[in-house]
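In what follows, a single structure is set out as structure tokens and then discussed.
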Amino acid sequence: MNTSQDRLQFAVEIAQEAGNLTLRYFRTGNLSTELKVDATPVTQADREAELLLRERIAATFPEDEILGEEFPVRPGTSGYRWILDPLDGTKSFIRGVPLYGTLIGVEHDGEFEIGVIYIPATGECVYAARGYGAWYTDAKGNREPARVSDCGDLSQALLLTTDIAHFRQIGRPEVWTQLASRVALTRTWGDCYGYLLVATGRAEIMIDPIVSLWDAAALVPILEEAGGHLTDWQGKRRLDSGSIVATNHHLFSAVVQITSGSGGHAG
């Protein structure tokens, strides 16, 4: 087991294991919550799920680096780096909303090669490896290719985000206002579930003003292998700016004109 495809199969397996661990706490009333230094919440479900992932990766790929949201970096020498968000959407999870997930990304020599999004409460999973395609499985295990939609008109698009207030927090409220005024429908089915919806053709745009590397690393290969784009707001394939947007291919230029501020007022 030393190829990207081996790691993809393993990543899907452990994402489901970690995600199913979180279900032990979901809507049970037995959940302790703390605030981290950045004022975001963390639960024992977050921590236990990440520990499970780390233990499984270290045992199977001991030379790979591991970067996770909740614990320090584990160095590696293989050129592979696992980037983990054990519970993406903790605020939804705490509220008993099922639209949260486990994210696993694998980077190889600086390129995002593998991505997995697993939604434990719905049993949905979308995953991809560079050159292998993107795939979707439902709770019954039915498997099909994951493809973005063919919608080429913003006025027919479904726009998603995690939290509209985040646009104000970074001083860019006009991005949401302009996008929302030009699409058919807006919803806040956010966090990783929104990106799953774009990758499977059920929504056209998912945008977040505030993200960390572990929120986004898994998304790049998934969206690209599904025929779409995952970029920063300038349309660049980079994840260090703190803001990302996912679109299908047809709408990419129109959306990035708005997010970049270069022509967002066009009709």
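Numbering-wise (the numbering used here), the sequence shown opens with residue 37 and increments by one. We treat Cβ as the ideally placed atom computed from N, Cα and C, and that holds for glycine. Being a predicted model, the structure only gives us computed values, none of them experimental.
From Trp212 to Ile140, what distance separates their C-alpha atoms? Taking the first residue of the sequence shown as position 1, residue 212 is located at position 176. Taking the first residue of the sequence shown as position 1, residue 140 is located at position 104. The straight-line gap from Cα to Cα measures roughly 28 angstroms.
When Gly167, Ala165, Gly169 and Tyr154 are compared against Ala175, the one with the closest alpha-carbon: Stepping through the sequence shown from its first residue, residue 175 is reached at position 139. Between Ala175 and the set Gly167, Ala165, Gly169 and Tyr154, the nearest pair of CA atoms involves Tyr154.
Selection from Tyr136, Val133, Gly137 and Asp100 that minimises the alpha carbon distance to Glu143: Here residue 143 refers to the residue found at position 107 of the sequence shown. Nearest C-alpha to Glu143: Asp100.
Mark Glu298 as exposed unless 16 or more other C-beta atoms lie within 10 angstroms of its C-beta, in which case mark it buried. Within the sequence shown, residue 298 is the residue found at index 262, counting from 1. Checking the sequence shown, residue 298 turns out to be Ser, not Glu. Burial check for Ser298: the Cβ neighbour count within 10 Å stays below 16, so the residue is exposed.
Could you check whether Leu88 and Leu57 sit closer than 8 angstroms to each other, using their CB atoms as the reference points? As a working mapping, residue 57 is identified with position 21 in the sequence shown. As a working mapping, residue 88 is identified with position 52 in the sequence shown. Yes. Within cutoff.
Flag this pair as yes or no: are the beta carbons of Leu287 and Ala193 separated by less than 8 angstroms? By one-based count along the sequence shown, residue 287 stands at place 251. By one-based count along the sequence shown, residue 193 stands at place 157. In contact: Leu287 and Ala193 (Cβ atoms closer than 8 angstroms).
Spatial distance of Leu190 from Gln205 (CA atoms): Reading the sequence shown from its first residue, position 154 is the one you call residue 190. Reading the sequence shown from its first residue, position 169 is the one you call residue 205. Roughly 25 angstroms between the two C-alpha positions.
Have a look at Leu255, Gly177, Ser296 and Ile246 and flag the residue whose alpha-carbon is nearest the alpha-carbon of Asp74. Reading the sequence shown from its first residue, position 38 is the one you call residue 74. Of the listed residues, the one whose Cα sits closest to Asp74 is Ile246.
What does a CB cutoff of less than 7 angstroms around Pro134 pick up in its chain, not counting 5 residues either side in sequence? Translated into the one-based positions of the sequence shown, residue 134 becomes position 98. These residues qualify, in order along the chain: Ala157 and Thr158.
In three-state DSSP terms, what is Pro111? The residue given as residue 111 occupies position 75 in the sequence shown. Pro111: coil per DSSP, three-state reduction.
Anyone know if the C-beta pair for Tyr116 and Asp124 falls short of 8 angstroms? Working through the sequence shown from its first residue, we reach residue 116 at position 80. Working through the sequence shown from its first residue, we reach residue 124 at position 88. Taking 8 angstroms as the Cβ cut-off, Tyr116 and Asp124 do not qualify as a contacting pair.
Please classify Ser277 as buried or exposed, where buried requires at least 16 other C-beta atoms within 10 Å of its C-beta. Sequence index remark: in the sequence shown, residue 277 carries index 241 (1-based). Result: exposed.
If you measure between the beta carbons of Tyr231 and Leu249, is that distance less than 8 angstroms? Taking the first residue of the sequence shown as 1, we reach residue 231 at position 195. Taking the first residue of the sequence shown as 1, we reach residue 249 at position 213. Contact annotation: Tyr231 and Leu249 have beta-carbon atoms that are not nearer than 8 angstroms.
Limits of the unbroken alpha helix (DSSP H) element including Val211: Looking up residue 211 in the sequence shown gives position 175. Unbroken alpha helix (DSSP H) run through Val211: Pro209 to Arg218.
Is Trp118 helix, strand or coil when you go by DSSP? As a working note, residue 118 is residue 82 in the sequence shown. DSSP places Trp118 in strand when its eight states are reduced to three.
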